[in-house]
Amino acid sequence: MPTEITDKDALRESRKDTANTLIRNLQDYHNLSTSDVRIGMHGRKDGHIVPMRSVNYLRYLAYAENHQIDGHFLTQSDIEREGLTVKPGSEPLILERWSIDARKHYHCHEFPLYDVRSLEGPEDVLDAYRLSQFPEYDKPSQDAVARLFENAGVLPKGAPHDRQEIYQAVSAYASKVAPDDAIKQKHLSHLIRQTTGVNPVYLDDELYTENDIQYFKDNPDALFSSFSEASRDMRHITEELRFLDRQIAWERESYLQQLDEEEKARPLASLRVVYHYSECAYEFTDRNGKVLPEDEDIELVGEDAYRFLAQVNHADKKYYHDIGYNKTDFSVTFAGSTYEGRFDLGDLSLANKKTIAEAMEIATSADHKFYLNNEDMLQYHYQLIQYNNRNKVQSDPEYATLDAYRKHLEKEIEQLHASWQEFAKKEQIFLAAHPEYEAINQEDAHPYIAVCPASQLEHLKEKGAVLDVLPKDSLKSFVLFKPDTTNARRTYDLEDVIDGSAPVHEALPDGLVAFTTACKPEMERNWDYWENPRFVFTREEIEHLQSFQDLTLQVDSYVPCRSTVAEAERETCSGLGSVQGFFNAVKADDEHYLKAMSKQVYIPGNAPKVNLKLYAKGETIFALAYQEGRGDLAKAAQDYLPPNLPEQYREAYDTYQRYSTAQRRNALGERYVNRPAGHEVHFPTVEDSRKNFLAAMRSKLPDGKPKKTSRITSEWRQEAAVYYQNYPLLDPAVDTPRKAVLGTIREMARDGYTDARIKSLLKTIHPSRTEDALAVLQSKEGKNAIREARKEHERAGGR
């Protein structure tokens, strides 16, 4: 039951815990909360749903910080009406409810509410009250927020704005609303960001300053009074945003009617795509080649929409022979129908088709066909629908029974076919005027070729394993192989094909059918429904692979801290081994470059120096001297291929990649190449490497280096070996074993260690060259290094 708060001191005491929690949030986040906290609500579904506002919003934020919550709350009376109970030990959220009596006196009552997570009862009742079941209250469209800011003069009019630009304009808008009150500006910025959802892409923004935090520590009441004032302004802003949303909706309705009119004269003018997200976002560009912003729900219309779909089809083919796939979310609207879903690009989910109509019909109907061809999965899927969408099942006859749902899927497939057939007619006219997209569509993924008994063909078609059936006489001089289902990453019979020992079939045996398939030989999940799968090396592929016999790889390498250039080790390999060796060299450079870029630490003294040469029939076709981890080889050999590689070997390598999953590029990729302006990452300098190396050491050791001990412990030895071996090697001038030993000696002496302790650690660091290391220690150069370092130690106070 509500309890009245009788005076200001009692009110202050009631708000004390809330103030303390929010001040702690300000210290931790420089904001009142993390950006992912949704605005909480309370109330019954058949009554009035109320969002948390003003001071109650602050109370809610504090409660959310200290409790695991769902975000929707009920009163004790609502709980009882719904047949629910409060879990023992649950702590309520205490809100404030204010009223005014006839004498115009204000009264405040504490009003307890319980979050759905703290309740027990029927699951369907609880599910109906989870915050996820409610739309985000008062959340305006991004377009309305942009227009609000344009009208206020904090965003330029008429230009498209992404979420980051809108986010950055929030503070400027708040300063216009409350020009003379810096605290209110920050409260308003918080409320606008939380209400509109324009949260930053890079969550490193600090809204409240240390001075603001100290002010609230000294004046906790000011936190509540200033936030109440900002909340009143926010209510006016919310009303304006509602009006702008209505205005934009009216304008959009007129715009869509205009597109429908244009469609009559210009095919696909009304085609619309809304792009949400992609794991291969750099594939999608506008007409000027600029990468489209993701996570912005950007709408593309007409030619821009078709370009996007052509790029989707292209990416599906391009990444087919890479590891994994790229999740991509978008919706397509054409002729009044919208198709929305996730497309796994690289899985050939668009079936290697040469028109968007064919590709999208297959992609949009794939799930329906999957369930219709898999009875067990259909039943399981229908059960999930019944569980998760009870209201829909009860109100929609298409979901009433399993048979009704099956007929619904069949009808959907028919409608999809009719819709995409209509699209195909328009597409044909569109492509006649835009041959550049026709060229993109005609690209081929080069899917695998497989064979099966003719009696299995229809079954494999139903399972989605068949792309196109090939004419019987299309295969000549080919090799059949069976995937190794016990080791999906093996290189299938390549050695036998290259050396010519694999048996060659001149024609397809009677009773077998050949077809292209999106299934890959290493995909073990295929074999549950595919009895005795067999794949094909074609005559062209055999010729490509056998050209590897021309190649020889020679690699000389040494690690500067352990060897000299005269001691470089040479490795020579030929045939398939040369390809694998080249791949391994690129991969090592690739992955160490990725590590250096991500950690912003590069240790040149530990990085091998390499002289690599690739020969074809005795002639050098590629040569590079490089230091591993700088990315020079990885950048030169994009897709693990040397630049200017003769075409016959490029084709051979492409074939090799298709049948060897280990030979697929997945490190450097796009993480540090072609990054957006303002987010470039440079290769770490010596200063960067030293700073970040020490920061990494400090995360493990309080002082960033081993603590000096009176005796040698195993823990000290382990920590000291890491620090005193690697820190000197950050300097590229330390490029010989002797310089590496001198670097260790110098650093240890600078930190005040005795000769005996230095000698002991050198034995640990250089077990294979102990005599050489100790000779350096005893040399004149070594003694001079110790003498100079100890002088530095004394000048620093002998710490």
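Using the numbering used here, you'd call the opening residue of the sequence shown number -9 and step up by one each time.
Glycine included, C-beta positions come from ideal geometry on N, C-alpha and C.
- For Y592, the closest alpha carbon among the candidates N682, A613, P550 and K607 is that of N682.
- For P(-8), the closest alpha carbon among the candidates E86, L1 and Q58 is that of E86.
- For F324, DSSP records a beta bridge to S327.
- Look at the beta carbons and you see the stretch 429 to 448 touching the stretch 332 to 350: at least three pairs across the two are nearer than 8 Å.
- With a cutoff of 7 Å on beta-carbon distance, V167 and S179 are scored as not near each other.
- Sequence-distant partners of K466 (beyond 5 residues in either direction) whose C-beta falls short of 8 Å from its own C-beta, in its chain, are E496, A497 and R529.
- Between the C-alpha atoms of F572 and T645 there is a straight-line separation of about 16 Å.
- Contact between L138 and L246 is absent: CB atoms are separated by about 23 Å, not below the 8 Å threshold.
- Closest in alpha carbon position to N522, among L484, A492, K472 and E531, is K472.
- In this structure, F217 keeps its C-beta atom at 7 Å or more from the C-beta atom of L103.
- Relative to the Cα of D334, the nearest Cα in the group N56, L1 and A508 belongs to A508.
- Spatial neighbours of E404 in its own chain (CB-CB distance under 6 Å, excluding positions within 5 residues in sequence) are not present.
- Each of R759, H97, V45 and H32 was checked against the Cα of Q66, and the nearest Cα belongs to H32.
- Excluding residues up to 5 positions away in sequence, S221 lie with their Cβ nearer than 7 Å to the Cβ of R43 in the same chain.
- Following the DSSP letters along the chain, one finds V291 inside the beta strand (DSSP E) bounded by residues I288 to V291.
- At a cut-off of 4 residues, the continuous stretches assigned as alpha helix (DSSP H) that sit fully inside the stretch 576 to 637 are 622 to 626.
- Taken through DSSP and simplified to helix, strand or coil, V503 comes out as strand.
- The beta-carbon separation of Y438 and P511, rounded to 7 Å, stays under the 8 Å limit for a contact.
- Between R736 and A779, the C-beta gap is smaller than 7 Å, which places the two residues in contact.
- Residue state for D334 is assigned as strand, using DSSP reduced to three classes.
- Only residues of its own chain outside the window of five on either side were considered, and among them I203, F206, K207, P210 and L213 have a CB closer than 8 Å to the CB of I13, listed in chain order.
- DSSP, read as helix, strand or coil, puts K472 in coil.
- As the crow flies, the alpha-carbon of E485 is around 22 Å from that of V441.
- DSSP places R552 outside both helix and strand once states are collapsed to three, so it counts as coil.
- Annotated three-state conformation of V263 is strand, per DSSP.
- Residue pairing from DSSP places D458 in a beta bridge opposite T506.
- Taking the C-beta atoms as reference points, A624 is found nearer than 7 Å to D580.
- The beta carbons of E348 and A305 sit about 17 Å from each other, so the pair does not count as a contact at 8 Å.
- Under DSSP, A440 forms a beta bridge with F505 and F525.
- Here the C-alpha atom of I419 lies approximately 17 Å from the C-alpha atom of L249.
- Around the CB of F233, fewer than 16 other CB atoms lie within 10 Å, so the residue is classed as exposed.
- Following the DSSP letters along the chain, one finds F274 in no beta strand (DSSP E), marked with neither H nor E.
- Here L602 really is in contact with A575; their C-beta atoms are around 6 Å apart, less than 8 Å.
- A Cβ-Cβ separation of about 14 Å leaves F525 out of contact with L457 under the 8 Å criterion.
- Per DSSP, the continuous beta strand (DSSP E) segment holding E(-6) begins and ends at T(-7) to I(-5).
- A direct Cα-Cα distance of roughly 52 Å separates G454 from S80.
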